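Going down the list, the protein sequences come from chains A and B.
Take the first sequence: its letters are residues 13 to 570, numbered as in our numbering.
Take the second sequence: its letters are residues 13 to 570, numbered as in our numbering.
Think of the CB as a built atom: it goes at the ideal place given N, C-alpha and C, for glycine as much as any other residue.
Predicted model, so just to flag it, every value in this text is computed and none were measured.
See below for the structure under consideration.
Number of protein chains: 2
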Amino acid sequence: MSKDKFALGIDYGTESGRAVLVRVRDGKLLASAVVPYPDGVIDERLPGGPKLEPDWALQNPLDYLYVLEKAVPKALKEAKVKAEEVIGIGTDFTASSPMPVKSDGTPLSALPKFRKTPHAYVKLWKHHAAQPEANRINEAGRDRNEEFIRIYGGKYSSEWFFSKLLQVLDEAPGVYDTMDRFIEAGDWLVWQLTGHEKRNTCTAGYKGMWVKGQGFPSSDFFRTLHPRMENVIEEKVGLDYFPLGSSAGGLTAEWAKKTGLKEATPVATGNVDAHVAVPACGVIEPGSLVMIMGTSICHMLLGREKQMVEGMCGTVEDGIVPGLWGYEAGQSAVGDIFAWFFEHAVPAYVHQEARQTKVPFQVVLEKGAAALKPGESGLLALDWWNGNRSVLVDVDLTGVLLGMTLATRAEEIYRALIEATAFGTRTIIEAFEAKGITVSELVACGGLPEKNRLLMQIYADVTGREIKLADPLQTCSALGAAMHGAVAAGAAAGGYDSIFAAARKMAHVQKLTFKPRAECHAVYDKLYAEYHTLHDYFGRGANDVMKRMKNLKRESSI
Amino acid sequence: MSKDKFALGIDYGTESGRAVLVRVRDGKLLASAVVPYPDGVIDERLPGGPKLEPDWALQNPLDYLYVLEKAVPKALKEAKVKAEEVIGIGTDFTASSPMPVKSDGTPLSALPKFRKTPHAYVKLWKHHAAQPEANRINEAGRDRNEEFIRIYGGKYSSEWFFSKLLQVLDEAPGVYDTMDRFIEAGDWLVWQLTGHEKRNTCTAGYKGMWVKGQGFPSSDFFRTLHPRMENVIEEKVGLDYFPLGSSAGGLTAEWAKKTGLKEATPVATGNVDAHVAVPACGVIEPGSLVMIMGTSICHMLLGREKQMVEGMCGTVEDGIVPGLWGYEAGQSAVGDIFAWFFEHAVPAYVHQEARQTKVPFQVVLEKGAAALKPGESGLLALDWWNGNRSVLVDVDLTGVLLGMTLATRAEEIYRALIEATAFGTRTIIEAFEAKGITVSELVACGGLPEKNRLLMQIYADVTGREIKLADPLQTCSALGAAMHGAVAAGAAAGGYDSIFAAARKMAHVQKLTFKPRAECHAVYDKLYAEYHTLHDYFGRGANDVMKRMKNLKRESSI
Chain A
13 MSKDKFALGI DYGTESGRAV LVRVRDGKLL ASAVVPYPDG VIDERLPGGP KLEPDWALQN
73 PLDYLYVLEK AVPKALKEAK VKAEEVIGIG TDFTASSPMP VKSDGTPLSA LPKFRKTPHA
133 YVKLWKHHAA QPEANRINEA GRDRNEEFIR IYGGKYSSEW FFSKLLQVLD EAPGVYDTMD
193 RFIEAGDWLV WQLTGHEKRN TCTAGYKGMW VKGQGFPSSD FFRTLHPRME NVIEEKVGLD
253 YFPLGSSAGG LTAEWAKKTG LKEATPVATG NVDAHVAVPA CGVIEPGSLV MIMGTSICHM
313 LLGREKQMVE GMCGTVEDGI VPGLWGYEAG QSAVGDIFAW FFEHAVPAYV HQEARQTKVP
373 FQVVLEKGAA ALKPGESGLL ALDWWNGNRS VLVDVDLTGV LLGMTLATRA EEIYRALIEA
433 TAFGTRTIIE AFEAKGITVS ELVACGGLPE KNRLLMQIYA DVTGREIKLA DPLQTCSALG
493 AAMHGAVAAG AAAGGYDSIF AAARKMAHVQ KLTFKPRAEC HAVYDKLYAE YHTLHDYFGR
553 GANDVMKRMK NLKRESSI
Chain B
13 MSKDKFALGI DYGTESGRAV LVRVRDGKLL ASAVVPYPDG VIDERLPGGP KLEPDWALQN
73 PLDYLYVLEK AVPKALKEAK VKAEEVIGIG TDFTASSPMP VKSDGTPLSA LPKFRKTPHA
133 YVKLWKHHAA QPEANRINEA GRDRNEEFIR IYGGKYSSEW FFSKLLQVLD EAPGVYDTMD
193 RFIEAGDWLV WQLTGHEKRN TCTAGYKGMW VKGQGFPSSD FFRTLHPRME NVIEEKVGLD
253 YFPLGSSAGG LTAEWAKKTG LKEATPVATG NVDAHVAVPA CGVIEPGSLV MIMGTSICHM
313 LLGREKQMVE GMCGTVEDGI VPGLWGYEAG QSAVGDIFAW FFEHAVPAYV HQEARQTKVP
373 FQVVLEKGAA ALKPGESGLL ALDWWNGNRS VLVDVDLTGV LLGMTLATRA EEIYRALIEA
433 TAFGTRTIIE AFEAKGITVS ELVACGGLPE KNRLLMQIYA DVTGREIKLA DPLQTCSALG
493 AAMHGAVAAG AAAGGYDSIF AAARKMAHVQ KLTFKPRAEC HAVYDKLYAE YHTLHDYFGR
553 GANDVMKRMK NLKRESSI
């Protein structure tokens, strides 16, 4: 019996990076080291530089290297694993988080000349200031009937690659001129580790208009956006994309030294945090919807064929695992809505009970909400506190709460908010099923399932589907990254030859599952019908009051 | 120059009675004595008797006499007024608050046999347990096209006289058999004071189906309700009704002794608390809408002719002042909605700021809300926490809040709730104006205007009308009662010959008024249009989600 081998996964989140060491034969997690980004999310003022406008969100790419230097040695030490036992390295990243760099990979933000130039930094996924550019892209895409309009459920987001690149060109042409490459931070990181710029198909497919076998939209299209963008692909973006799990090359001597890993250890091509979680949840076949549940929910599903499902964030061949279509949908606020409620609408009597019973006030609310039966609150909400991602793809929609009486209590509102997010998930499931793509079970990972068991039961009751929990719940992206590292290493080196083989051994779910209860599901069918009616009334143009209210809000602040 | 004369007003509210002494020549308030009812509102258990069902609300009529004995001498003493200087007595009462009595006026609840019988007590205005009876009355009324259906805006309330009488007959036929009279508490009180049963036209007109010149519905109608009710008017109710301000007789020797007043002092016929407030606000002509603003709002308006305005609580000739049609409309929850918000949805940061700045938390909210411009919150609410009285007359409607984002704050919600109640008032104004009944200004009284100046300004801005404040604000019903006492006394005795003459001298408004600001009114026109659309969508049958949610709530509690 051979000695155990290990894979390293590095998960780059919004606030921090996490390195995990995982045993290849069974996925056992041996160590997990989290390192926050020194500059964090830069959304108010560039350190030592100018104040940012609203909706900006930047990062300093050097922070990603800092994570490597700190977290990897820490994880190795904690796991008591030697460098030669680590057979592969995988990473995952938020996306789209692109940045301008020179031809040698130097970030423009690291050049003295651009250190105080916001457009020289990474535009984090949640940078929302490129909406005018996204509008132009969508207009041109629709006019020209471009394929990407269909891939992205009818709308290309302001959060994505070309919206952000066009914003650079619009607002900082000097940065545009100076950059040799505009690249996803995840791909840039792999470049740093290996010395090779080998971009991945997943980020390109979901965020960058790239289509397998077809490449990018034509230079005609890009010229329509901006005359200087005609040859943007050749000049700044690149034509070659590499599949998930393939090796981008071996670790450089420099980074071997800095991390304590062995030189030439295979490094997998980059990946996206939500997408890499799917095989880590053990999902490598159609039928199981993976929900990465946190401040928002990403819904990931595999399909045997391409279908235009309403409101997808993206539909990409091989986008999650090879040979299958990867569907990504999402709800833009879930945990965030509860956090809003906790901050802005929890009354004194809840805090008082929490003090008296010496539990967090959230526990008081959950206990009160759990004691209610479906329908008992008389409340119904639309979960649009941060717009609606799927299926309506509309950032200007807002939240609704209906049914209040003089007897309505805080725990009833809390339950109604949970239920509303569950109805949001059910809406996405029904959009899949309307196109013949079956969703037979749900697999959850992320921070929310651990914190909120009532929520999981409500999701099961509302959707009428069993929910399994990934194991581990919270580090499943990092596990997925490590699994891709093991695939990059290959079976001959003690890893695996495919993500399928890796998932069968390394991915696990918990014994605890949440089963739908028939009597609750029957009531939720009725409540969902009400939700659906309001969803369509406010979301599909019958009454655009939410948009008009937002406009009045904007006008009033002038 | 003759010596000053005084009038006594006694205002019977929900929790207490108030006696005021007022100088007749100018309405100056000299004393005000409040005495709570010893048994208060009996809505859980009859003292020493059985537990009550939900929706019951009773009172002990002996408590009203207790108020006379305590409050009147106290007010006389405080005002340093002698009995012979008091020229007239007026009263007002909540309505409809009827009770069963014997032919000598003895309340059934005072008989040992019935002391533990809930149906023997006063059914307070907010007793809501007669809904099945109200439904039967409405069904029969609509089938037979009875006049009262039109008078009451399309619906006879479960709160009113015949609903409550029919409930007695349904559930306690022994009480029905034993009672010689079923009488409004306000009329019963005047009977006690004078020894004469002289019922007033106001309560009969607004609550009891009585119409000037026509009387009551026919015995055919009452037989349809219940065979034993065929002759109910003759047997239990009576045919004679006396106008407001007329003298019901002089004070009896017994009550002169108990109160310290002079025997034979004229006592005005009974009146209703909201109605008596109108002349006390100085309103004796069409055009000025009186708002009695507290937990709810009563809207009172005078008109030269009879119009069927949607959703009126009642439309009664001479119902407020002689010679004019008195319109009554209302919003079932206003102050109550803010009280709900204060209790159930004000977060920790508001309480914290209140502690730090040493002010009540409501002041923190008001300050924050006042700093917002119309439209700035992006929020819109429907003010239906306790159903909608006017113009939809539907108790099963519920509250809505729309427009929430992750940045929504408590003071924004508070302002949206205030605005929603203002939109509710504007809806009532527009219903009047749709029938050609002009509303050129608003006059406010009650507890709310004193507490909440922001609210008054918002009402002015939303309605586009100047709002005057009655002086006094909070005791205007008691003042109105005293004014009717002065009219019962008559000019020859130092009083007045009409309520018009009394109002010109005794009623006053404050110098402070709230004027609409054009720029705010323009924004509120837009917000009101949105309110109106949602009002009709949820309130007029396009989407009966509120009723279905209420049904689900009821089912879930079975």
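Proximity below 8 Å, CB of K17(A) to CB of V36(A): Residue mapping note: residue 17(A) aligns to position 5 of the first sequence, counting from 1. Residue mapping note: residue 36(A) aligns to position 24 of the first sequence, counting from 1. Yes, Cβ-Cβ distance for K17(A) and V36(A) is below 8 Å.
Beta-carbon contacts of I149(A) that lie in its chain and below 8 Å, excluding the five residues immediately before and after: Residue 149(A) sits at position 137 when you count from the first residue of the first sequence. The answer, listed in chain order, is Y168, F174, S175, L178 and L237.
Boundaries (first-last residue) of the alpha helix (DSSP H) holding T369(A): Walking along the first sequence from the start, residue 369(A) turns up at place 357. A360 to T369 is the span of the alpha helix (DSSP H), which, as asked, contains T369(A).
Proximity test, Cβ basis, 8 Å: N400(A) and chain B: Counted from its first residue, the first sequence places residue 400(A) at position 388. Chain B contact via Cβ: absent.
Among P298(A), E171(A), N157(A) and E158(A), the one whose alpha carbon lies nearest that of E145(A): As a working note, residue 145(A) is residue 133 in the first sequence. Ranking P298(A), E171(A), N157(A) and E158(A) by Cα distance to E145(A) puts E171(A) first.
CB contact flag (R156(B), F233(B), <8 Å): Locating residue 156(B) in the second sequence gives position 144, where the first residue counts as 1. Locating residue 233(B) in the second sequence gives position 221, where the first residue counts as 1. Contact flag set, yes.
Beta-carbon proximity check, C310(B) vs A345(B), cutoff 8 Å: Position 298 of the second sequence, counted from the first residue, corresponds to residue 310(B). Position 333 of the second sequence, counted from the first residue, corresponds to residue 345(B). No, Cβ-Cβ distance for C310(B) and A345(B) is not below 8 Å.
Helix, strand or coil at F18(A) according to DSSP, with G and I counted as helix: Locating residue 18(A) in the first sequence gives position 6, where the first residue counts as 1. Residue state, collapsed to three classes: strand.
Runs of alpha helix (DSSP H) lying entirely within the stretch 451–516 of chain A, each at least 4 residues, in chain order: 460–463, 465–475 and 488–501
Against chain A: residues of the stretch 339–362 of chain B by CB proximity under 7 Å: A345, D348, W352, E355, H356, A357, V358, P359 and A360
Contact list for the stretch 408–430 of chain B against chain A, Cβ threshold 8 Å: T410, G411, V412, L413, L414, G415, M416, T417, L418, T420, R421, A422 and I425
8 Å Cβ shell around W222(B) - same chain, five flanking residues per side excluded: Numbered from its first residue, the second sequence carries residue 222(B) at position 210. Here the set comprises T213, A216, F228 and Y253.
Runs of beta strand (DSSP E) lying entirely within the stretch 365–451 of chain A, each at least 3 residues, in chain order: 392–394 and 411–416
Where W267(A) meets chain B, residues with beta-carbon distance less than 7 Å: Against the first sequence, residue 267(A) aligns to sequence position 255. None at all; the shortest Cβ gap to chain B is about 39 Å.
At least 3 beta-carbon pairs within less than 8 Å: the stretch 347–360 of chain B vs the stretch 423–432 of chain B: yes
Helix, strand or coil at G282(A) according to DSSP, with G and I counted as helix: Counted from its first residue, the first sequence places residue 282(A) at position 270. If DSSP states are grouped into helix, strand and coil, G282(A) belongs with coil.
8 Å Cβ cutoff, M561(A) in contact with chain B: The residue given as residue 561(A) occupies position 549 in the first sequence. Yes, because at least one Cβ of chain B sits closer than 8 Å to the Cβ of M561(A).
Contacts of W397(B) in chain A (Cβ-Cβ under 7 Å): As a working mapping, residue 397(B) is identified with position 385 in the second sequence. Those within 7 Å of W397(B) in chain A are M416, T417 and L418.
L314(B) - partner residues in DSSP beta bridges: Stepping through the second sequence from its first residue, residue 314(B) is reached at position 302. Beta-bridge pairing links L314(B) to G338(B).
Under 8 Å from the C-beta of Y549(B): neighbouring residues of chain A: As a position in the second sequence, residue 549(B) is number 537, starting the count at 1. By Cβ distance, chain A contributes Y549 and N555.
CB contact below 8 Å: E542(B) versus chain A: On the second sequence, residue 542(B) is found 530 positions in, with the first residue counted as 1. So, interface residue.
C-beta contact flag for F444(B) and V321(B) at 8 Å: For the purposes of this step, residue 444(B) is taken as the residue at position 432 of the second sequence. For the purposes of this step, residue 321(B) is taken as the residue at position 309 of the second sequence. In contact: F444(B) and V321(B) (Cβ atoms closer than 8 Å).
Classification of T118(A) by the beta-carbon crowding that lies within 10 angstroms, buried from 16 upward: The residue you call residue 118(A) lines up with position 106 of the first sequence. Flag for T118(A) reads exposed.
Option nearest L251(B) by Cα separation, candidates G306(B), R193(B), P239(B) and V302(B): As a working note, residue 251(B) is residue 239 in the second sequence. Closest option to L251(B), Cα to Cα, is R193(B).
Exposed unless 16 or more other CB atoms sit within 10 angstroms - verdict on E297(A): Within the first sequence, numbered from 1, the residue matching residue 297(A) stands at position 285. Exposed, by the Cβ-count rule.
Nearest neighbour of S452(B), chosen from G436(B), Q469(B) and K480(B) [CA to CA]: For the purposes of this step, residue 452(B) is taken as the residue at position 440 of the second sequence. Ranking G436(B), Q469(B) and K480(B) by Cα distance to S452(B) puts K480(B) first.
Contact test: A292(B) Cβ vs the ligand HEM heavy atom, cutoff 7 Å: Here there are no bound small molecules, and the ligand HEM is not part of this structure.
Simplified DSSP state of A260(B), which is helix, strand or coil: Taking the first residue of the second sequence as position 1, residue 260(B) is located at position 248. Correct three-state label for A260(B): strand.
Cβ-Cβ distance between L409(B) and A393(B) below 8 Å: Counting from 1 along the second sequence, the entry for residue 409(B) is found at position 397. Counting from 1 along the second sequence, the entry for residue 393(B) is found at position 381. No, the Cβ-Cβ distance between L409(B) and A393(B) is not below 8 Å.
For I195(B), the first and last residue of its enclosing beta strand (DSSP E): For the purposes of this step, residue 195(B) is taken as the residue at position 183 of the second sequence. Taken as a continuous stretch (DSSP letters only), the beta strand (DSSP E) holding I195(B) covers R193 to E196.
CB contact check: L546(B) to chain A, cutoff 8 Å: In the second sequence, residue 546(B) corresponds to position 534, counting from 1. At least one chain A Cβ lies under 8 Å of L546(B).
Cβ neighbour criterion (16 or more within 10 Å) applied to A142(A): Taking the first sequence and counting its residues from 1, one reaches residue 142(A) at position 130. A142(A) should be labelled buried.
From E65(B), G52(B) and D104(B), residue whose alpha carbon lies closest to that of L20(B): For this step, residue 20(B) is matched to residue 8 along the second sequence. The shortest C-alpha separation from L20(B) is found at D104(B).
Collapsed DSSP secondary structure at L273(A) in the structure displayed: In the first sequence, residue 273(A) corresponds to position 261, counting from 1. Looking at L273(A) - three-state DSSP - the assignment turns out to be coil, as it is neither helix nor strand.
Exposure of A456(A), with buried meaning 16 or more beta-carbon neighbours within 10 Å: Looking up residue 456(A) in the first sequence gives position 444. Classification for A456(A): buried.
Under 9 Å from the C-beta of V535(A): neighbouring residues of chain B: Taking the first sequence and counting its residues from 1, the one referred to as residue 535(A) is at position 523. The answer, in chain order, is L564, E567 and S568.
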